[in-house]
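The opening position of the sequence shown corresponds to residue 69 in this note's numbering, with each subsequent residue numbered one higher.
Heads up: the structure comes next, in structure tokens.
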Amino acid sequence: MKISTKGRYALRMMIDLAEHANGGYVSLADIARRQAISRKYLEQIIPLFNRTDFLKKTRGAQGGYQLAKSPDQYTVGEILRLTEGSLAPVPCLENDPIGCERAADCETLFVWQGLYQSITDYLDGITLQDVLDRRSQNGGDYVI
69 MKISTKGRYA LRMMIDLAEH ANGGYVSLAD IARRQAISRK YLEQIIPLFN
119 RTDFLKKTRG AQGGYQLAKS PDQYTVGEIL RLTEGSLAPV PCLENDPIGC
169 ERAADCETLF VWQGLYQSIT DYLDGITLQD VLDRRSQNGG DYVI
């Protein structure tokens with residue numbers, strides 16, 4: 069499994085929104101400037117979030133985006149699943165029940181299931197608030 073640029077940038081965007089949650093709505097231009105990400109790239113990512121309850125948006129001169137919930141209610145896992153799709157390390161685990169005709173006889177299935185569980189547990193165990201808290205403990209900078 070490899071996280072794409074889209075997934076990494078989406079996570080950075082959400083962290084930026086979490087960090088600036090008290091300032092009202094945040095423009096994509098401000099996020100792009102602070103995160104050194106092309107605004108055009110953010111404009112390609114934002115529609116994924118517009119179809120969910122992750123963000124609130126407003127139009128106009130003071131328009132922009134803000135988190136719909138508090139930062140402790142968003143996990144890294146759910147953000148990455150939104151942008152990346154499945155986080156399964158092998159295609160046969162992307163469906164439930166497992167969609168492989170060899171599953172019953174697969175000697176390595178337990179390896180992939182264990183890896184998938186570890187990935188899921190780890191990423192779902194980290195919230196945006198955790199990232200912000202760690203940032204403040206480490207002197208203020210974060211890199212993803």
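The beta-carbon is built from N, C-alpha and C at its ideal position, and this holds for glycine as well.
For residue 74, no beta strand (DSSP E) segment is defined; the enclosing uninterrupted segment is the alpha helix (DSSP H) at 73-87.
Look at the beta carbons and you see the stretch 143-156 touching the stretch 184-194: at least three pairs across the two are nearer than 8 Å. With respect to the 9 Å criterion, residue 132 and residue 98 are classified as neighbours on the basis of their beta carbons. Residue 181 and residue 100 have their alpha carbons spaced roughly 37 Å apart. Residue environment: residue 178 is assigned as exposed (fewer than 16 neighbouring CB atoms within 10 Å of its CB, all protein chains considered).
For the set 105, 96, 72 and 139, the Cα lying nearest the Cα of residue 127 is the one of 96. DSSP assignment within the stretch 110-163 yields the following whole beta strand (DSSP E) runs of 3 residues or more, N-terminal first: 123-126 and 132-135. Listed as beta-bridge partners of residue 195 by DSSP are 143. Residue 160 and residue 120 have their C-alpha atoms spaced approximately 27 Å apart. In this chain, residue 171 is not harboured by any alpha helix (DSSP H), its DSSP state being neither H nor E. Here residue 116 really is in contact with residue 151; their C-beta atoms are around 6 Å apart, less than 8 Å.
Cβ neighbours of residue 168 within its own chain (closer than 6 Å, five residues either side excluded): 160.
Approximately 13 Å separates the beta-carbon atoms of residue 79 and residue 135; this is outside 8 Å, ruling out the contact.
The beta carbons of residue 138 and residue 205 sit no closer together than 9 Å.
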